[in-house]
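Only one structure is covered here, and it is reproduced in the block below.
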Amino acid sequence: MSDHHIQLLMLLVQIAGLIFLIWYAIETWRLRKAAQRQAQAALDQVEGTSKPCIMILGELRDGADAILEMNGAVGNIIARPDQGSFIIQNIGNGAALNVRYRFSRPDDNPAQPRNVRFIPNVMPTGRVTLVERIGNYRELHEAIFEYGSINGRKYRSTVQINNRVLTGFHFIEVKN
């Protein structure tokens, strides 16, 4: 075997080694990505079992008022008062932490939100009476609650209210 053949054989071995190294790096990267997806799926499952959800506590509306859509409000659940104030309840399975909320009307300027209030936490199935008086919000408005979970995820609940009647509810996870 000549020197030329030996050098060619060494070059082929080095190229094969380089190809193997590239293949190994790609497979390792794929395995890492798969492990990250599995870890994220596990975190999502844990979060699903401990997710908070804030809602205004309601009670059944008088049947005749609901059928006749009194005051232009459609729905059969009204905000339950506690000495004239709104009550919120955590209907989720996890604690709602650092709850910030505000009430707004359609004519409010979004750049200047009304008073934003704070509640440190609302435990699962826990209730809190707010300082907002139901009588101050007789027309169409919404209550917006933003809060976190024990795992650090952020959520927003929005409740539409028309003359004490709960007319809509939206719940979303807020991406950071």
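Residues 1269 to 1444 (our numbering) make up the sequence shown, in order.
Think of the CB as a built atom: it goes at the ideal place given N, C-alpha and C, for glycine as much as any other residue.
These figures come from a predicted structure and were not determined experimentally.
Cβ contact check for the segment 1289-1299 and the segment 1309-1321: 3 or more pairs under 8 Å: no
Beta-ladder partner(s) of glycine 1326, from DSSP: Within the sequence shown, the letter at position 58 stands for residue 1326. Answer by DSSP bridge pairing, in chain order: Ala1347.
Entirely enclosed beta strand (DSSP E) segments - the segment 1361-1419, minimum 3 residues: 1364-1372, 1385-1390, 1395-1401, 1408-1416
Rounded C-alpha distance that separates leucine 1365 from isoleucine 1387: The residue you call residue 1365 lines up with position 97 of the sequence shown. The residue you call residue 1387 lines up with position 119 of the sequence shown. The straight-line gap from Cα to Cα measures roughly 8 Å.
Per-residue DSSP class, three states only, for valine 1342: Looking up residue 1342 in the sequence shown gives position 74. Valine 1342 falls in the coil class under three-state DSSP.
Reduced DSSP secondary structure (H/G/I, E/B, other) of arginine 1305: If you number the sequence shown from 1, residue 1305 lands on position 37. If DSSP states are grouped into helix, strand and coil, arginine 1305 belongs with the helices.
C-beta atoms of isoleucine 1345 and methionine 1323 nearer than 8 Å: Residue mapping note: residue 1345 aligns to position 77 of the sequence shown, counting from 1. Residue mapping note: residue 1323 aligns to position 55 of the sequence shown, counting from 1. No.
8 Å CB neighbourhood of arginine 1370 in its chain, flanking five on each side removed: Translated into positions along the sequence shown, residue 1370 becomes position 102. Same-chain partners within the cutoff: Pro1381, Arg1382, Asn1383, Val1384, Arg1385, Ala1411, Ile1412.
Cβ pair valine 1390, asparagine 1361 closer than 8 Å: Counted from its first residue, the sequence shown places residue 1390 at position 122. Counted from its first residue, the sequence shown places residue 1361 at position 93. Not a contact, by the Cβ cut-off of 8 Å.
Distance between alanine 1303 and proline 1374 (C-alpha atoms, nearest Å): By 1-based counting over the sequence shown, the position of residue 1374 is 106. By 1-based counting over the sequence shown, the position of residue 1303 is 35. Their backbone Cα atoms lie some 46 Å apart in a straight line.
Where the beta strand (DSSP E) through asparagine 1358 begins and ends: Indexing the sequence shown from 1 puts residue 1358 at position 90. Looking at the DSSP string, the run of the beta strand (DSSP E) that includes asparagine 1358 is 1353-1358.
Inter-residue CB distance, threonine 1393 and serine 1353 (contact presumed, cutoff 8 Å): For the purposes of this step, residue 1393 is taken as the residue at position 125 of the sequence shown. For the purposes of this step, residue 1353 is taken as the residue at position 85 of the sequence shown. Their Cβ separation, rounded to whole angstroms, is 19 Å, which puts threonine 1393 and serine 1353 out of contact at 8 Å.
Opposing strand residues paired with serine 1425 [DSSP bridges]: Residue numbering aside, residue 1425 sits at position 157 when the sequence shown is read from its first letter. Beta-bridge pairing links serine 1425 to Phe1413, Phe1439.
Assigned exposure category for isoleucine 1429 - 16 Cβ within 10 Å defines buried: Locating residue 1429 in the sequence shown gives position 161, where the first residue counts as 1. It counts as buried.
Separation of serine 1372 from tyrosine 1405, as counted between CA atoms: Counting from one through the sequence shown, the residue named residue 1405 turns up at place 137. Counting from one through the sequence shown, the residue named residue 1372 turns up at place 104. Computed Cα separation, rounded: 9 Å.
Leucine 1434 beta carbon less than 8 Å from that of glycine 1343: Along the sequence shown, read from residue 1 onward, the residue named residue 1343 stands at position 75. Along the sequence shown, read from residue 1 onward, the residue named residue 1434 stands at position 166. Yes, these two residues count as a Cβ contact at 8 Å.
For isoleucine 1440 and tyrosine 1415, believed in contact at Cβ under 8 Å, the rounded distance: Along the sequence shown, one-based indexing puts residue 1415 at 147. Along the sequence shown, one-based indexing puts residue 1440 at 172. Actually they do not touch by this definition, with Cβ atoms about 12 Å apart.
Local Cβ density within 10 Å of glutamine 1417, reported as buried at 16 or more and exposed below that: As a first step, residue 1417 must be located in the sequence shown, where it is residue number 149. The question names glutamine, but residue 1417 in the sequence shown is serine. By the 10 Å Cβ count, serine 1417 comes out buried.
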